[in-house]
Amino acid sequence: MDLRFTADELAFRDELRTFFRDNLPGDIRERMRLGHAPTKDDTVAWQRILNRRSWAAYSWPKEYGGPDWTPAQRMIFLEENQLAPAPEVSSFNITMIGPVLIQFGTEEQKQRFLPRAANIDDWWCQGFSEPGAGSDLASLKTAAKRDGADYVVNGQKIWTSTAHHADWCFCLVRTDPHAKKRQEGISFLLIDMKTPGITVRPIISIDGSHHLNEVFFDDVRVPVSLRVGEENRGWDVAKFLLGHERTGIARLGKSKERVKFAREAAREMRANGKPLIEDPAFRHRVAQLETDMKALEITQMRVVSAHDRSHDGKPDPLSSVLKVKGTELLQATTELAMDVGGPLAMPDWAQELAALSNEPELGPEWATEATRSYLFLRAASIYGGTNEIQKNILTKAVLGL
Amino acid sequence: MDLRFTADELAFRDELRTFFRDNLPGDIRERMRLGHAPTKDDTVAWQRILNRRSWAAYSWPKEYGGPDWTPAQRMIFLEENQLAPAPEVSSFNITMIGPVLIQFGTEEQKQRFLPRAANIDDWWCQGFSEPGAGSDLASLKTAAKRDGADYVVNGQKIWTSTAHHADWCFCLVRTDPHAKKRQEGISFLLIDMKTPGITVRPIISIDGSHHLNEVFFDDVRVPVSLRVGEENRGWDVAKFLLGHERTGIARLGKSKERVKFAREAAREMRANGKPLIEDPAFRHRVAQLETDMKALEITQMRVVSAHDRSHDGKPDPLSSVLKVKGTELLQATTELAMDVGGPLAMPDWAQELAALSNEPELGPEWATEATRSYLFLRAASIYGGTNEIQKNILTKAVLGL
Amino acid sequence: MDFDLTEEQRLLRDSVERLLADHYGFDKRRSYLAQPEGWSRGLWAQYAELGLLGLPFPEDYGGFGGGPIEVMLVMEAFGRVLALEPYLATVVLGGTAMRLAGGEEQKASMLPQIAEGELILAFAHGERQSRYDLTDVLTTAKPKGSGWVLDGAKSVVLHGDSAQRLILSARNSGERDDPDGITLFLVNAASNGVARRAYPMRDGTRAAEISLSGVEVGEEDVLGEVGAGFPVIERVVEAGIAATAAEAVGAMETMQAMTLEYLKTRQQFGRPIGQNQVLQHRATEMLMELERGRSMAMLAAMMVEEPDPAERAHNIAMAKVGVGQASKFVSQNAIQLHGGIGMTEEYAVGHYFRRCMVIEHTFGDTAHHLSRLAEQVR
Amino acid sequence: MDFDLTEEQRLLRDSVERLLADHYGFDKRRSYLAQPEGWSRGLWAQYAELGLLGLPFPEDYGGFGGGPIEVMLVMEAFGRVLALEPYLATVVLGGTAMRLAGGEEQKASMLPQIAEGELILAFAHGERQSRYDLTDVLTTAKPKGSGWVLDGAKSVVLHGDSAQRLILSARNSGERDDPDGITLFLVNAASNGVARRAYPMRDGTRAAEISLSGVEVGEEDVLGEVGAGFPVIERVVEAGIAATAAEAVGAMETMQAMTLEYLKTRQQFGRPIGQNQVLQHRATEMLMELERGRSMAMLAAMMVEEPDPAERAHNIAMAKVGVGQASKFVSQNAIQLHGGIGMTEEYAVGHYFRRCMVIEHTFGDTAHHLSRLAEQVR
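Going line by line, the protein sequences match chains Y, C, Z and V.
Residues in the first sequence are numbered consecutively from 1, following the working numbering.
Residues in the second sequence are numbered consecutively from 1, following the working numbering.
Residues in the third sequence are numbered consecutively from 1, following the working numbering.
Residues in the fourth sequence are numbered consecutively from 1, following the working numbering.
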């Protein structure tokens with residue numbers, strides 16, 4: 001047993017760091033450092049740079065354009081990418097639709113979609129949630145009726161992240177309304193967002209950003225050839241997708257990067273006539289966060305190396321611990337950055353900062369962005385199954401209560 | 001609206017302080033200050049001193065030997081008594097059996113028991129809980145069969161505080177095993193602990209103290225004249241008793257006294273070469289506790305003065321808030337005192353301190369007592385309905401969920 | 001010890017609530033936000049009619065001789081609907097500064113204007129570098145003739161865009177962080193050399209960055225004693241803490257009510273989510289925090305007029321901590337229990353969340369005030 | 001990065017667990033507690049047979065060349081059953097001091113005795129006034145001839161009553177709190193001038209107050225360099241933190257298991273109390289804390305041999321904080337979820353609670369180590 005990285009793992013990490021240092025465009029790095037959400041262009045540009053090294057599809061086997069990394073290498077990659085700080089690769093493309101097609105896709109589907117997903121030539125989004133369903137996914141109503149070589153899709157999806165950027169949407173639809181169990185009668189379709197009958201309506205989040213959408217389907221024709229897996233067996237595909245590859249779920253690198261930034265910023269801010277970084281209470285708060293991050297880092301290593309050992313591919317229920325603790329830390333660390341900004345973090349300067357003049361001068365851009373991401377990440381304990389749902393899962397799966 | 005005490009209330013408080021200063025025996029005060037649990041003798045001695053002023057039965061009307069105080073005055077009395085620090089009057093005598101007899105007792109029962117309860121000539125204990133019942137009081141099994149002018153009681157009670165000191169026990173027994181609802185068929189009896197057939201078995205708590213007991217009833221004969229209220233209507237009596245007079249439930253004075261003591265002790269202890277009292281983290285912890293105590297103090301005033309206004313006598317569900325927050329603070333403040341002691345709080349010096357010699361010298365008595373009361377008060381969030389049960393009550397009574 | 005409201009206080013509360021009930025639906029509020037100043041001039045006039053704008057001023061200045069309790073009742077009502085008008089900036093902060101430091105003429109000329117709704121004030125004290133340190137004033141006041149010349153910049157001035165007059169702090173002597181040598185001035189916002197840049201706060205309320213270069217003011221524009229502005233600033237901030245504490249309590253009440261309603265109506269897995277014991281207890285803990293906040297807001301109101309400065313500062317710091325922690329717990333869980341819908345701009349709970357967030361970071365955040373209390377532990 | 005145990009490590013763990021399963025039922029443990037020294041000499045002999053007592057010593061000294069991982073596995077197993085024997089005092093604290101500072105002769109004569117179970121050691125460093133400050137040493141060592149005379153007192157010396165030899169710190173130069181000028185001595189507990197007073201800790205383990213008046217020791221009894229004992233003391237304490245962290249994890253495992261069992265079997269209002277979602281989530285949070293503690297105990301074990309002192313101290317302080325907070329949460333809720341029965345001496349959970357409490361207050365509590373970490377935040 002040894003927590004330390006092996007020489008190979010250290011060499012691997014250094015290779016990444018060097019590559020990130022030399023290849024991450026400075027303007028992107030700076031936007032990320034200031035706490036901006038990555039733009040579509042930033043994400044695409046960076047993912048393509050990574051894909052030249054076939055690192056974009058970091059969890060895929062070589063034959064499909066991935067690097068064939070071990071779970072430990074994937075963990076290191078994700079953390080270093082977040083620490084850079086660089087935009088994260090599209091999880092819809094890389095950890096969702098990619099593995100699904102590799103597992104369930106036809107040869108033709110693989111050839112058509114995988115390379116473009118890796119290079120983000122197609123931007124994918126996920127059409128799962130529906131109004132009123134919440135965490136109860138299986139209650140979905142969007143219907144797909146067979147009509148010749150097509151399905152005709154009618155219904156509505158909600159909380160669809162980046163649907164307004166997307167070229168394609170992988171979608172759960174009900175193909176058999178009469179199935180006994182709600183989980184049966186569901187199919188998994190790939191839908192071209194340019195198909196007539198699709199309307200995307202933005203949902204503005206409390207941070208003022210447009211990230212989420214409602215997607216309406218009105219007699220949308222989808223070729224049967226774009227169904228993944230058997231008809232009415234889409235739930236198996238969804239279960240595989242949701243359980244798959246949760247290494248990155250804790251987003252620990254992001255939390256670490258935020259604390260690192262907050263420490264730097266706290267050297268510039270003042271509290272009681274001294275630099276904030278010297279304030280005892282602030283130091284204790286940082287020390288506690290770093291202690292908690294260290295504990296989660298080791299727990300994550302344990303989950304990953306357990307996964308390394310048992311190649312059954314089943315998701316470790318402990319990954320729910322990573323989700324809960326990881327999102328708690330993500331929320332705590334972004335709150336820290338906001339609190340460093342203090343009064344300067346309360347204005348919404350986004351528009352004014354875009355203006356040409358800067359007279360009178362405005363406060364620091366990072367402060368207003370810190371609050372934006374604090375607000376945006378209130379959703380971190382909600383999406384992907386609320387933290388309460390995660391505890392229900394642990395109660396059943398681990399405690400057997 | 002005015003949070004401050006009126007001139008009368010201030011004068012009342014000063015009268016109490018003067019009396020406590022002049023009449024609380026020094027050895028008792030010192031034992032309390034060092035964090036000892038009051039002995040039986042200490043409790044009896046102090047309650048009798050109070051009773052000379054008819055203050056012992058602080059919540060009773062004049063005609064029964066009480067002072068006829070307003071709820072505000074009772075609150076001030078309880079807090080000042082705890083701050084003295086003095087032993088608290090027997091709650092079994094004063095806030096339980098007393099009010100019950102005043103409300104439900106026969107003239108003969110009142111005359112026989114009330115004066116002796118006020119002067120603690122009789123030490124009362126409460127026979128409610130039974131093995132396996134826990135918070136589910138109504139599931140009690142101890143049976144009382146009518147036999148001429150007596151009931152014959154058989155069964156077992158548990159968690160009976162100070163039964164080993166007690167002269168009398170007020171007891172819930174099942175007089176009708178065939179009642180439709182479990183709450184029906186229960187009667188409320190007064191049982192002389194000297195009656196043949198009663199066995200008291202000690203339960204040692206994790207702090208090493210003997211406070212709790214099991215009480216076994218084996219064909220114990222109890223005159224029907226010692227039943228309070230109608231036969232099979234004992235549940236009404238119990239409900240009245242449990243809902244009655246919860247002013248003192250937060251025991252805020254006790255928490256305040258513990259923080260005050262911890263601050264004094266922290267001036268003597270050292271951390272990182274300085275007095276502990278100057279340690280920033282310790283100061284923050286104390287400041288947070290004092291802030292929480294202040295908030296609870298005002299909430300308690302609100303509950304009390306609401307009770308002052310509405311003379312319906314019904315218990316305010318907010319008193320469950322006082323129970324939860326009050327016990328959380330009681331546990332936090334005793335933990336604070338223990339942590340001040342640090343390594344010197346970990347030995348169990350009780351026996352050695354009783355020994356004659358003191359060579360080699362032992363550490364401070366207060367430190368070992370601080371840990372004892374920290375351990376003892378882990379029960380504070382359990383007895384009288386666990387804090388989880390209190391939240392269930394609030395959920396129903398206040399939120400209507 | 002007495003928690004009853006007087007007949008007048010009950011009438012005041014009811015009439016304010018009636019007015020707001022009619023004019024502060026979520027959509028109407030959105031329409032006020034959309035106006036250039038981000039609030040409703042029309043409602044401001046009605047507040048004046050109702051006597052709210054002169055509430056805490058003496059009768060002889062067109063006021064109603066109300067005190068902190070009356071202000072608490074109004075702010076609580078404002079908090080329930082997230083009222084946007086510059087009541088805090090004008091009546092509470094500006095009004096307190098005027099009452100405490102204003103000369104007879106200044107009060108006689110300005111308090112009635114405030115009461116009649118004709119004058120909007122802003123409290124221009126904080127600076128880019130000062131964060132929560134009230135003594136950190138770099139804006140300078142240099143004597144010129146019988147008057148003064150002001151140079152510097154003020155940051156995050158609440159409603160600094162709408163204000164006709166700024167109550168502005170500047171240093172006439174002493175070093176940075178020196179409590180002595182700070183003077184308060186009444187500055188006409190339209191004066192030469194005053195530049196303002198307006199923007200919304202995260203909660204939609206408006207603020208401005210204000211720069212001053214060579215701004216000339218007369219001796220009659222000095223508020224209170226030259227160099228003795230700091231004690232006034234402390235009182236103004238304490239009044240602001242008490243008022244926003246009450247506003248936060250109102251906001252918590254609404255979030256608590258919305259969450260409760262949601263738990264009862266929202267169905268999942270075939271039953272209301274309020275059937276989940278974990279969510280029931282969370283809502284109960286929200287209630288307990290709300291009551292803690294309410295108690296602390298009452299404490300703050302009681303203490304605003306407390307003569308002993310140490311006692312006053314200590315208790316108001318405790319109130320700021322208690323309300324800050326309570327409102328954070330309530331608002332974070334209000335969103336958590338709502339789930340996705342709570343994260344959206346179209347839904348009200350996020351707006352209450354952001355108001356509580358801004359309040360917590362105004363006049364010193366929880367950590368700032370807890371540290372002040374910690375320093376007194378001896 | 002590798003979390004697998006070697007074959008030898010698995011064998012070690014299994015054999016220790018088998019031994020303890022046979023000899024550490026709750027009643028047997030009570031009988032050990034009742035013995036004058038509060039632990040079982042018989043089991044100590046069996047630990048020796050199993051090779052546990054020489055586990056971390058080099059083969060040439062009759063040891064098995066094990067490392068911190070092996071010690072972690074043993075301490076975890078001890079924690080699960082609350083083993084009472086002086087393994088921490090003798091093998092971990094004493095053994096580490098001997099290994100790091102002992103001269104060739106000292107090691108050759110003593111390590112084998114430890115391994116064979118013939119020698120009990122105690123680490124006599126803390127003093128009445130020192131609380132958690134490791135440099136706060138007032139016990140004095142004055143040169144006399146070629147040897148030394150020791151005067152002073154040591155407080156809460158774990159198993160100081162059973163120990164034949166004390167590894168004792170005394171100041172030969174420098175002021176109180178000076179890290180330099182502290183020397184470690186090997187003191188025969190039966191020497192003239194050594195007075196011991198034994199008592200139980202709150203968890204039943206034994207300790208002693210020890211006073212020294214004119215205690216004479218020879219130069220051969222100096223452990224390591226004169227005046228250079230402090231770095232050794234730090235390493236000994238770090239080893240103690242790592243070992244007790246593992247012990248606490250074992251204790252948490254048992255509490256978690258007992259609580260889970262109780263939730264499944266205890267009936268109330270006609271159903272197992274484990275049906276309450278609130279209690280389910282609490283148990284889940286206990287599990288998460290247990291896993292946090294386990295991760296931190298691993299970190300501590302890994303770091304005991306870390307060559308970089310700053311890196312080592314930083315990580316071990318983090319581990320102490322993480323395990324302390326985790327074990328407090330788990331043990332407080334273990335009692336809470338058990339209700340009344342958990343408060344009684346006859347029931348095991350309270351004993352585990354108190355062991356975790358004592359561990360948290362040994363070698364510096366959570367606040368002490370968090371403050372050390374905080375000072376490094378720059």
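Glycine included, every Cβ here is placed at the ideal spot set by N, Cα and C.
Just so it is clear, the structure is predicted and the values come from calculations on it, not from any experiment.
Beta-carbon proximity list for residue i, same chain, < 7 Å, skipping 5 on both sides
| i | result |
| --- | --- |
| A367 of chain Y | G341, L344, A345 |
| M338 of chain Y | A345, A370, T371, Y374 |
| L50 of chain C | A56, V89 |
Distance between beta carbons of residue j and residue i, contact taken as under 8 Å
| i | j | result |
| --- | --- | --- |
| A243 of chain Z | L111 of chain Z | Between L111 of chain Z and A243 of chain Z the Cβ distance is about 17 Å, and since that is not below 8 Å, they are no contact. |
| V377 of chain Z | R13 of chain C | With a Cβ gap of about 25 Å, V377 of chain Z and R13 of chain C do not count as contacting. |
| A153 of chain V | R128 of chain V | 6 Å |
| A246 of chain V | M1 of chain V | Wrong, their Cβ atoms sit about 20 Å apart, outside the cutoff. |
| S135 of chain Y | G385 of chain Y | 6 Å |
Start-to-end residues for the beta strand (DSSP E) that takes in residue i
| i | result |
| --- | --- |
| N154 of chain C | 150–157 |
| L189 of chain C | 186–192 |
| Y347 of chain Z | Careful: Y347 of chain Z lies outside any beta strand (DSSP E) and carries neither H nor E. |
| K154 of chain V | 147–158 |
| V173 of chain C | 168–174 |
Cross-strand partners of residue i (DSSP beta bridge)
| i | result |
| --- | --- |
| H210 of chain C | C:I204 |
| E171 of chain Z | The sequence shown places Arg at residue 171 of chain Z, not Glu. Bridge partners of R171 of chain Z: Z:T140, Z:I182. |
| L121 of chain V | V:R165 |
6 Å CB neighbourhood of residue i in its chain, flanking five on each side removed
| i | result |
| --- | --- |
| L373 of chain V | A317 |
| R266 of chain V | I273 |
| M75 of chain Z | A243, A246, E247 |
First and last residue of the uninterrupted alpha helix (DSSP H) at residue i
| i | result |
| --- | --- |
| P364 of chain Y | Careful: P364 of chain Y lies outside any alpha helix (DSSP H) and carries neither H nor E. |
| W46 of chain C | 40–52 |
| A326 of chain V | 309–338 |
Contacting residues, own chain, Cβ-Cβ under 8 Å from residue i (five flanking each side not counted)
| i | result |
| --- | --- |
| V358 of chain V | M201, R202, D203, T205 |
| I298 of chain C | L3 |
Touch test, the segment 345–361 of chain C against the segment 18–26 of chain C, Cβ-Cβ under 8 Å, three pairs minimum: no
Any 3 or more C-beta pairs closer than 8 Å across the segment 64–71 of chain Y and the segment 27–37 of chain Y: no
Three-pair Cβ contact test at 8 Å for the segment 78–97 of chain V versus the segment 248–256 of chain V: yes
Three or more C-beta pairs below 8 Å linking the segment 86–93 of chain Y and the segment 43–56 of chain Y: yes
Touch test, the segment 223–235 of chain Z against the segment 127–147 of chain Z, Cβ-Cβ under 8 Å, three pairs minimum: yes
Meets three-Cβ-pair contact criterion under 8 Å: the segment 380–394 of chain C and the segment 280–294 of chain Z: yes
The segment 87–103 of chain Z / the segment 219–226 of chain Z touching (three or more Cβ pairs under 8 Å): yes
Three-pair Cβ contact test at 8 Å for the segment 101–121 of chain C versus the segment 139–159 of chain C: no
Inter-stretch contact (C-beta, 8 Å, three-pair minimum) for the segment 229–240 of chain Y and the segment 322–332 of chain Z: no
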